[in-house]
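One structure is given below, encoded as structure tokens.
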Amino acid sequence: MKISILYVSQTGNTEAAAEYIQDGILAKYPFIQVKLMDIRENEVDAKFLEESEAVIFGSPVYFTSMSWELKKWFDQSFRISLEGKLGAVFVTAQSASGGTDTAIMEILRHMLLKGMLVFSGTDPKSEYKFQIGAVSTADNLDKDSRRLEAFGEAVAQTAVRQFGK
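Numbering-wise (numbering that gives the first Met the number 0), the sequence shown opens with residue 0 and increments by one.
Right under this line is the structure:
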């Protein structure tokens with residue numbers, strides 16, 4: 000099984016969040032191949048992405064929206080099929096009230112247009128609830144590490160349950 004984490008990071012906060020998410024996946028599911036792909040660094044591996052059962056998108060929040068680089072990627076990635084894949088979202092922001100919900104919803108709309116299945120929530124017994132995506136703020140990134148790891152684990156658990164590989 001493969002999971003791609005496709006993100007944009009300008010200051011390193013979104014990259015750090017992506018790494019915590021990857022750690023959460025691999026801690027519980029070491030057999031899953033996880034690849035971090037920084038759009039700004041041209042690290043997108045289209046073949047791995049198409050082979051992935053799940054894709055987790057991450058972006059910093061800019062003016063209550065996703066980064067322009069991620070928007071551009073969605074606009075230009077029409078040759079990459081994401082149909083039927085599990086999709087999830089995380090964002091980083093300067094403050095929790097800085098438009099994180101609208102940024103997540105914008106990314107979700109693009110995922111739906113690509114025919115993706117949307118991850119929402121987590122195990123009812125978990126202390127962490129992810130209704131539409133995971134959020135971390137710059138000043139709480141290290142404090143949020145366990146929650147981001149739990150998000151990765153929950154996405155992986157859903158992918159394993161859904162696709163059974």
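Heads up, the beta-carbon is just placed ideally off N, CA and C, and yes, glycines get one too.
Residue 15 to residue 58 span [Cα, whole Å]: Taking the first residue of the sequence shown as position 1, residue 15 is located at position 16. Taking the first residue of the sequence shown as position 1, residue 58 is located at position 59. Those two C-alpha atoms are separated by around 12 Å.
Under the three-state DSSP convention, the category residue 86 falls into: What you label residue 86 is simply residue 87 of the sequence shown in a count that begins at 1. Looking at residue 86 - three-state DSSP - the assignment turns out to be strand.
Sub-7 Å separation of residue 149 and residue 53 beta-carbons: Position 150 of the sequence shown holds residue 149. Position 54 of the sequence shown holds residue 53. Their beta carbons are not under 7 Å apart, which means residue 149 does not touch residue 53 by this criterion.
6 Å CB neighbourhood of residue 60 in its chain, flanking five on each side removed: Position 61 of the sequence shown, counting from 1, holds the residue named residue 60. Excluding positions up to five away in sequence, the list reads 90, 92, 97, 98, 99 and 102.
N- and C-terminal bounds of the alpha helix (DSSP H) containing residue 71: Counting from one through the sequence shown, the residue named residue 71 turns up at place 72. Looking at the DSSP string, the run of the alpha helix (DSSP H) that includes residue 71 is 67-75.
Check whether residue 86 and residue 115 have beta carbons under 7 Å apart: Taking the first residue of the sequence shown as 1, we reach residue 86 at position 87. Taking the first residue of the sequence shown as 1, we reach residue 115 at position 116. Yes, the pair counts as a contact, with Cβ atoms nearer than the cut-off.
Neighbourhood of residue 94 by C-beta distance below 7 Å, restricted to the same chain and skipping five residues each side: Mapped onto the sequence shown, residue 94 falls at position 95. Once the five neighbours on either side are set aside, the close Cβ partners of residue 94 are 136.
3 or more residues per run - each beta strand (DSSP E) lying fully within the segment 30-71: 32-37 and 53-59
Paired residues, beta bridge with residue 6 - DSSP: Here residue 6 is taken as the residue at index 7 of the sequence shown, counted from 1. For residue 6, DSSP records a beta bridge to 37 and 57.
Rounded distance between the beta-carbons of residue 106 and residue 55, thought under 8 Å: Here residue 55 is taken as the residue at index 56 of the sequence shown, counted from 1. Here residue 106 is taken as the residue at index 107 of the sequence shown, counted from 1. Not really, about 10 Å apart at Cβ, beyond 8 Å.
Alpha carbon of residue 34 to alpha carbon of residue 28, nearest angstrom: Here residue 34 refers to the residue found at position 35 of the sequence shown. Here residue 28 refers to the residue found at position 29 of the sequence shown. Taking C-alpha positions only, residue 34 is separated from residue 28 by approximately 14 Å.
Three-state secondary structure assigned by DSSP to residue 1: Position 2 of the sequence shown holds residue 1. Reduced to three states, the DSSP call for residue 1 is strand.
Best match in 63, 18, 141 and 117 for proximity to residue 4 [C-alpha to C-alpha]: Along the sequence shown, one-based indexing puts residue 4 at 5. Of the listed residues, the one whose Cα sits closest to residue 4 is 18.
Classification of residue 46 by the beta-carbon crowding that lies within 10 angstroms, buried from 16 upward: The residue labelled residue 46 in the question sits at position 47 within the sequence shown. Answer is exposed; the Cβ neighbour count stays below 16.
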